[in-house]
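Quick note, the sequences are listed as chains A and B, same order. Note that this note's numbering numbers the first sequence so that position 113 is 116, with each residue one more than the last. Note that this note's numbering numbers the second sequence so that position 62 is 78, with each residue one more than the last. What follows is one structure encoded as structure tokens, with my remarks underneath.
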Amino acid sequence: EPEVTQTPSHQVTQMGQEVILRCVPISNHLYFYWYRQILGQKVEFLVSFYNNEISEKSEIFDDQFSVERPDGSNFTLKIRSTKLEDSAMYFCASTRAGYPEQYFGPGTRLTVT
Amino acid sequence: SQQGEEDPQALSIQEGENATMNCSYKTSINNLQWYRQNSGRGLVHLILIRSNEREKHSGRLRVTLDTSKKSSSLLITASRAADTASYFCATDAAGTGNQFYFGTGTSLTVIP
């Protein structure tokens, strides 16, 4: 069964550094999302992406964040200058057109030191 | 805020028993999804129920939706130790896009 994949599984970075988290959505899916989950807290929506542009974003998704679909398979989340409070599990998700079910990847654990 | 809230926060049952978890939300929805998360792992999609549906089954899972009460329940029948995980409901908000709002989850422990 097709799955969303994410790399790396764990990323450690120093405060102020840029990180890029990578996702490969399910191949026939057209909508892509990033969510994050700070340890012990709720899963929070960051951004949705369709047709090569952001369709929605939350208050969390400020100017430090950006998303890109650099080719036909990858979907990336970039954090320009990481802060300690960016430490979280970041999940990518995707959906098929016309179907609301969101399928999540295994997540990337980001640790900012 | 649309975020759902699950109840109870934690549930511990014996293997073979049924487990029921509830979710309440605040505003009208188009869809409600249930997910499972094993400790430190990803979210596994279990079932989606649309606002015009009242009940849905998938294997040992039964989901109900009461839009008048803005609540849903997830029933796991004949539980197994492998069902031990956190369970989350996620709702969208009618009239908005397709972002989903997650609750804090129910932590289920199934004792062998």
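Ideal placement from N, C-alpha and C gives every residue a C-beta, glycine not left out.
>> One question on the structure: do A/Ala-96 and A/Leu-33 come within less than 9 Å of each other, judged by their Cβ atoms?
In response: no
>> Counting beta carbon pairs with one atom in the region 29-47 of chain A and one in the region 13-21 of chain A, are three or more of them shorter than 8 Å?
In response: no
> Taking only beta-carbon atoms, is A/Thr-16 less than 9 Å away from chain B?
Replying inline: no
> B/Asp-23 to A/Asp-74, Cα distance in whole Å?
Replying inline: 42 Å
>> Does any residue of chain B have a CB that is nearer than 9 Å to the CB of A/Gly-110?
In response: yes
> Helix, strand or coil for B/Glu-33 per DSSP?
Replying inline: coil
>> Less than 9 Å between the beta carbons of B/Tyr-41 and B/Tyr-117, yes or no?
In response: yes
>> Counting C-beta neighbours from all protein chains within 10 Å, is the total for B/Asn-47 16 or more, i.e. buried, or is it exposed?
In response: buried
>> By the three-class DSSP mapping on this structure, what secondary structure does B/Leu-48 have?
In response: strand
>> Please classify B/Gly-121 as buried or exposed, where buried requires at least 16 other C-beta atoms within 10 Å of its C-beta.
In response: buried
>> To the nearest angstrom, how far is the alpha carbon of A/Glu-104 from that of B/Asp-108?
In response: 11 Å
>> What would DSSP say about A/Asp-66, mapped onto helix, strand or coil?
In response: coil
> Which full runs of the alpha helix (DSSP H) of 4+ residues lie inside the region 45-112 of chain A, going along the chain?
Replying inline: none
> So, does the CB of B/Arg-96 fall closer than 9 Å to a CB anywhere in chain A?
Replying inline: no
>> I'd like the list of long-range same chain contacts for B/Glu-71, defined as Cβ closer than 6 Å, with 5 residues on each side in sequence excluded.
In response: Thr-80
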